[in-house]
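A.B. asks:
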Amino acid sequence: MNSPKRTLAVLVVLAATAALLAATAAAGPAKQSAAFKVAWIYVGPHNDAGWSQAHDDGRKYVQKMLGSKVQTTFKENIAVGAQLQQTVSSLVNQGYKLIFGTSYGYFDKKLAAKYPSVLFEQATGTDQAKNLSEYFGAGEDTIFLSGMAAGAATKNGTIGYVVPFAIPEVIRHANAFALGAQAAHPGAKIKLVWTNSWFDPAKEKKAAESLHAAGADVLGQNVDSPATGQFAESVGIPWVGYDANAKKFAPKSWLTAALYNWGPYYLRRVQAAMDGTWKSGFYYGSIKDGFTKLAPFGPGVSAGTKTAIAKKLQALKSGTFYEFAGPLYDQSGKLRVAKGKRLTVNDLYAMNWLVKGVIGSSTGK
Numbered sequence: 002m003n004s005p006k007r008t009l010a011v012l013v014v015l016a017a018t019a020a021l022l023a024a025t026a027a028a029g030p031a032k033q034s035a036a037f038k039v040a041w042i043y044v045g046p047h048n049d050a051g052w053s054q055a056h057d058d059g060r061k062y063v064q065k066m067l068g069s070k071v072q073t074t075f076k077e078n079i080a081v082g083a084q085l086q087q088t089v090s091s092l093v094n095q096g097y098k099l100i101f102g103t104s105y106g107y108f109d110k111k112l113a114a115k116y117p118s119v120l121f122e123q124a125t126g127t128d129q130a131k132n133l134s135e136y137f138g139a140g141e142d143t144i145f146l147s148g149m150a151a152g153a154a155t156k157n158g159t160i161g162y163v164v165p166f167a168i169p170e171v172i173r174h175a176n177a178f179a180l181g182a183q184a185a186h187p188g189a190k191i192k193l194v195w196t197n198s199w200f201d202p203a204k205e206k207k208a209a210e211s212l213h214a215a216g217a218d219v220l221g222q223n224v225d226s227p228a229t230g231q232f233a234e235s236v237g238i239p240w241v242g243y244d245a246n247a248k249k250f251a252p253k254s255w256l257t258a259a260l261y262n263w264g265p266y267y268l269r270r271v272q273a274a275m276d277g278t279w280k281s282g283f284y285y286g287s288i289k290d291g292f293t294k295l296a297p298f299g300p301g302v303s304a305g306t307k308t309a310i311a312k313k314l315q316a317l318k319s320g321t322f323y324e325f326a327g328p329l330y331d332q333s334g335k336l337r338v339a340k341g342k343r344l345t346v347n348d349l350y351a352m353n354w355l356v357k358g359v360i361g362s363s364t365g366k
C-alpha cells in the first residue's frame with residue numbers, strides 16, 4: 002500500500018515535469034542567429050544591362066554563396082544628394098551593417114562618421130575612413146583591348162565614343178579606348194559626345210546619332226544602357242559596349258566590352274564583415290586577379306584581331322606592356338608622359354587631359 006508521502010512525492014515530480022515541458026514548448030525551437038544584412042545602392046536600374054546590373058550580379062553571387070547567412074537588398078535609381086542621404090538613413094534604421102555605394106560621389110568621410118557602427122564601401126571612390134573603404138579596378142586595361150577591336154573595325158578611321166561625366170575615371174577610360182583604337186588603326190580619331198548622365202537611354206541614342214552623322218563608322222561607350230548599341234545595329238555599324246555582355250541587344254554590331262567581375266570581391270568583403278576582420282583600404286583589381294576581363298567577341302571581330310588582342314592581353318598580365326607608358330601626348334601636342342615614364346594609379350585618378358587623336362572637350366562641354 003502506497004503511503005501518502007510517497008504519493009505526494011510522485012505528484013510533485015509529475016507536476017514539475019509537466020511545467021518544464023510546458024515551458025519548453027512555449028519557448029519554441031532554439032533561436033537561430035540573425036542573417037547579416039548587406040545593402041547595395043545603384044545609380045541606375047538594377048537591370049540596366051550595364052554598370053548597375055553588373056553590381057547586382059555581384060550581389061546575387063553573394064546571396065548564392067552565403068545563403069541564409071546573409072540578407073541582401075538593393076536600392077536603385079538613387080541620385081547623389083538628399084535622396085542618397087535618405088536612402089542610407091533608411092537602410093541603417095533597418096539594421097543593415099554593410100552598405101556598398103556603387104556610383105561616384107556617394108559616400109565620403111562625413112557620411113561615414115555619421116554612422117560609426119556601419120561599414121561603408123565606395124566604388125570608384127577617393128575617400129577612406131575607419132569605416133569607409135574604396136574599391137575599383139583597372140578597367141582602362143580591358144577598355145584599351147576593346148578599343149583595339151574598334152580600331153580594327155573602322156574603315157574611315159573615325160570612331161564615336163559616348164561618355165557620361167568629365168571626371169578622371171571617364172577621361173582615363175576615353176584615353177585608353179583611343180590608345181587601343183590607334184594601336185589597331187594608326188591615326189584613328191575618336192570623337193566624344195558627353196551626355197552628363199550615367200544612365201539616360203534617350204540622351205545616349207541622341208549622342209550616338211550625332212556621332213554617326215559626324216562620320217563615325219564604329220561606336221563605343223562608357224555609359225550604362227545599350228542604347229548606343231541598339232542605334233548602331235539599326236544603321237549597320239560595329240559597336241563596343243561597356244560593363245556587360247550586351248550582345249543580345251545588337252547581335253550583328255557587337256564587337257566586345259570591358260567587364261568587371263564584382264562578385265568575388267563582394268563575397269570577400271561581406272565575409273570579412275561577418276567575421277569581424279573587415280578593414281578599410283583601397284582595392285584596385287586587375288586582369289591578373291580576374292577582376293577585369295573582356296566580354297566574348299562578336300561576329301565582326303576577325304581571327305587576326307582576336308590574336309592581336311590576345312597578345313596584348315598577355316603583355317598586360319606580364320607587365321611588359323602598359324597603355325599609359327610614355328611617350329604620350331595630349332590633344333594640343335604637349336608631351337604629357339615622357340619616354341620611359343609610366344602613369345601611376347594616383348596619376349590616373351587625377352587625369353584631366355585627353356590624348357592626341359581624341360576630338361572633344363575634357364570638361365564635358
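Residue numbers for the sequence shown follow the working numbering, beginning at 2 and rising by one.
We treat Cβ as the ideally placed atom computed from N, Cα and C, and that holds for glycine.
On a predicted model such as this, the values are computed, not experimentally measured, just so you know.
Confirm, please, whether the CB-CB distance from Ile310 to Asp142 is below 8 Å.
C.D. replies: Sequence index remark: in the sequence shown, residue 142 carries index 141 (1-based). Sequence index remark: in the sequence shown, residue 310 carries index 309 (1-based). In this structure, Ile310 does not lie closer than 8 Å to Asp142 by Cβ.
A.B. asks: Quick one: using the 10 Å Cβ neighbour count with 16 as the cut-off for buried, is Arg337 buried or exposed?
C.D. replies: Walking along the sequence shown from the start, residue 337 turns up at place 336. By the neighbour-count rule (16 or more Cβ atoms within 10 Å), Arg337 is buried.
A.B. asks: Ignore the nearest five residues each way along the sequence and tell me which others in Gly334's own chain have a CB closer than 8 Å to its CB.
C.D. replies: Sequence index remark: in the sequence shown, residue 334 carries index 333 (1-based). Cβ within range, chain order: Lys357.
A.B. asks: Counting only the same chain and skipping the five closest in sequence on each side, list residues whose C-beta sits under 6 Å from that of Lys206.
C.D. replies: Taking the sequence shown and counting its residues from 1, the one referred to as residue 206 is at position 205. Ala228 and Phe232, listed in sequence order.
A.B. asks: Quick one: complete alpha helix (DSSP H) runs, 4+ long, within the segment 159-242?
C.D. replies: Whole alpha helix (DSSP H) segments, 4+ residues: 169-185, 202-214 and 228-236.
A.B. asks: Would you list the one or two residues that DSSP bridges to Asp109?
C.D. replies: Stepping through the sequence shown from its first residue, residue 109 is reached at position 108. DSSP lists no partner for Asp109.
A.B. asks: Please go through the same chain and pick out, in chain order, the residues whose beta-carbon is closer than 7 Å to the beta-carbon of Ala1, but skip the five residues on each side of it.
C.D. replies: Outside the modelled stretch of the chain, which goes from 2 to 366, sits residue 1, for which no answer is possible.
A.B. asks: Please report how far the alpha carbon of Lys190 lies from the alpha carbon of Gln129, in whole angstroms.
C.D. replies: Locating residue 190 in the sequence shown gives position 189, counting from the first residue. Locating residue 129 in the sequence shown gives position 128, counting from the first residue. Their Cα atoms are separated by approximately 38 Å.
A.B. asks: Output the distance between the C-alpha atoms of Tyr107 and Val163, rounded to the nearest integer angstrom.
C.D. replies: For the purposes of this step, residue 107 is identified with residue 106 of the sequence shown, where counting begins at 1. For the purposes of this step, residue 163 is identified with residue 162 of the sequence shown, where counting begins at 1. For Tyr107 and Val163, the distance between alpha carbons rounds to 23 Å.
A.B. asks: Could I get the ranges of all uninterrupted alpha helix (DSSP H) runs contained in the segment 40-127, with 4 residues as the minimum, in chain order?
C.D. replies: Listed in chain order, they are 52-67, 83-94 and 110-115.
A.B. asks: Would you check if there are 3 or more beta carbon pairs closer than 8 Å linking the segment 143-150 to the segment 172-184?
C.D. replies: Short answer: they touch.
A.B. asks: Using CA coordinates, which residue listed in Thr257, Phe166, Pro297 and Gly138 is at the minimum distance from Tyr284?
C.D. replies: Taking the sequence shown and counting its residues from 1, one reaches residue 284 at position 283. The residue with the shortest Cα to Cα distance from Tyr284 is Gly138.
A.B. asks: Out of Gly341, Lys70, Ala83 and Gly102, which one is the CA nearest neighbour of Phe325?
C.D. replies: The sequence position of residue 325 within the sequence shown is 324, counting from 1. Closest option to Phe325, Cα to Cα, is Gly341.
A.B. asks: Give the secondary structure of Ile144 by DSSP, where H, G and I count as helix, E and B as strand, and everything else as coil.
C.D. replies: Taking the first residue of the sequence shown as 1, we reach residue 144 at position 143. Helix, per DSSP.
A.B. asks: Mind checking who Leu133 pairs with in its DSSP beta bridge?
C.D. replies: Walking along the sequence shown from the start, residue 133 turns up at place 132. Per DSSP, Phe121 and Ala130.
A.B. asks: According to DSSP, Arg343 sits in a beta bridge with which residue or residues?
C.D. replies: Counting from 1 along the sequence shown, the entry for residue 343 is found at position 342. The partner list for Arg343 (beta bridge, DSSP) reads Ala326.
A.B. asks: State the beta-bridge partners of Ile360 as determined by DSSP.
C.D. replies: For the purposes of this step, residue 360 is taken as residue 359 along the sequence shown, with counting starting at 1. Ile360 pairs with Lys192.
A.B. asks: Have a look at the DSSP bridge pairing and note the partners of Thr293.
C.D. replies: Position 292 of the sequence shown, counted from the start, is the residue given in the question as residue 293. Tyr261, per the DSSP bridge assignment.
A.B. asks: Tell me whether the beta-carbon of Ala167 lies closer than 8 Å to the beta-carbon of Ser363.
C.D. replies: Your numbering for residue 167 matches position 166 in the sequence shown. Your numbering for residue 363 matches position 362 in the sequence shown. Their beta carbons are under 8 Å apart, which means Ala167 touches Ser363 by this criterion.
A.B. asks: Which class does Leu256 belong to by DSSP, given the choice of helix, strand or coil?
C.D. replies: Here the question's residue 256 lines up with position 255 in the sequence shown. Strand.
A.B. asks: Could you say which of Phe101, Val39, Gly286 and Ala185 lies nearest to Lys307 if we only look at CA atoms?
C.D. replies: By one-based count along the sequence shown, residue 307 stands at place 306. Per the Cα distances, Ala185.
A.B. asks: State the CB to CB distance for the pair Asp57 and Ser226, rounded to an integer number of angstroms; the pair is presumed to be in contact (CB under 8 Å).
C.D. replies: As a working note, residue 57 is residue 56 in the sequence shown. As a working note, residue 226 is residue 225 in the sequence shown. Contact flag wrong, Cβ pair sits at about 15 Å.
A.B. asks: Report yes or no: do three or more beta-carbon pairs, one from the segment 104-118 and one from the segment 37-54, lie closer than 8 Å?
C.D. replies: Short answer: they touch.
A.B. asks: I'd like to confirm the pairing. Which residues does DSSP put opposite Lys336 in its beta bridges?
C.D. replies: In the sequence shown, the residue the question calls residue 336 occupies position 335. According to the sequence shown, residue 336 is Leu rather than Lys. Leu336 pairs with Tyr330.
A.B. asks: Quick one: what's got a C-beta closer than 7 Å to Thr1's C-beta in the same chain, skipping five residues either side?
C.D. replies: Any answer about residue 1 is impossible in this case: the structure gives the chain only from 2 up to 366.
A.B. asks: Of all the options Lys76, Ala179 and Asn132, which has the alpha carbon lying nearest to the alpha carbon of Gly152?
C.D. replies: For the purposes of this step, residue 152 is taken as the residue at position 151 of the sequence shown. Closest option to Gly152, Cα to Cα, is Ala179.
A.B. asks: Once the 5 residues before and after Ala55 are set aside, which same chain residues still bring their CB inside 8 Å of it?
C.D. replies: The count along the sequence shown starts at 1 and reaches residue 55 at position 54. These residues qualify, in order along the chain: Asp244, Ala245, Leu260, Tyr261 and Trp263.
A.B. asks: Which residue comes first and which comes last in the alpha helix (DSSP H) that contains Gly305?
C.D. replies: As a working note, residue 305 is residue 304 in the sequence shown. Looking at the DSSP string, the run of the alpha helix (DSSP H) that includes Gly305 is Ala304 to Ser319.
A.B. asks: Would Ile100 and Val81 be called neighbours here (beta carbons separated by less than 8 Å)?
C.D. replies: Position 99 of the sequence shown holds residue 100. Position 80 of the sequence shown holds residue 81. Cβ atoms of Ile100 and Val81: not closer than 8 Å.
A.B. asks: Where does Lys156 sit, in a helix, a strand or coil, going by DSSP?
C.D. replies: The residue labelled residue 156 in the question sits at position 155 within the sequence shown. If DSSP states are grouped into helix, strand and coil, Lys156 belongs with coil.
A.B. asks: Just how far apart, CA to CA, sit Thr293 and Gly140?
C.D. replies: Numbered from 1 along the sequence shown, position 292 holds the residue referred to as residue 293. Numbered from 1 along the sequence shown, position 139 holds the residue referred to as residue 140. In a straight line, the C-alpha of Thr293 is about 6 Å away from that of Gly140.
A.B. asks: From Val63 to Val271, what does the alpha carbon distance come to, in whole angstroms?
C.D. replies: Against the sequence shown, residue 63 aligns to sequence position 62. Against the sequence shown, residue 271 aligns to sequence position 270. Approximately 8 Å, taken between the alpha carbons.
A.B. asks: Taking 7 Å as the limit between beta carbons, can you name the residues of its chain near Ser69, skipping five residues before and five after?
C.D. replies: Looking up residue 69 in the sequence shown gives position 68. Excluding residues within five positions, the ones whose Cβ falls inside 7 Å are Ala36.
A.B. asks: Report yes if the C-beta distance between Leu112 and Val89 is below 8 Å; otherwise report no.
C.D. replies: As a working mapping, residue 112 is identified with position 111 in the sequence shown. As a working mapping, residue 89 is identified with position 88 in the sequence shown. For Leu112 and Val89, yes; Cβs fall inside 8 Å.
A.B. asks: Can you tell me where the beta strand (DSSP E) with Tyr284 in it begins and where it stops?
C.D. replies: Taking the first residue of the sequence shown as position 1, residue 284 is located at position 283. From DSSP, the beta strand (DSSP E) with Tyr284 extends over Phe283 to Gly286.
A.B. asks: Our contact map puts Ala83 next to Thr103 with C-beta atoms below 8 Å; I'd like the distance itself, whole angstroms only.
C.D. replies: Within the sequence shown, residue 83 is the residue found at index 82, counting from 1. Within the sequence shown, residue 103 is the residue found at index 102, counting from 1. Ala83 to Thr103, Cβ: 19 Å. No contact.
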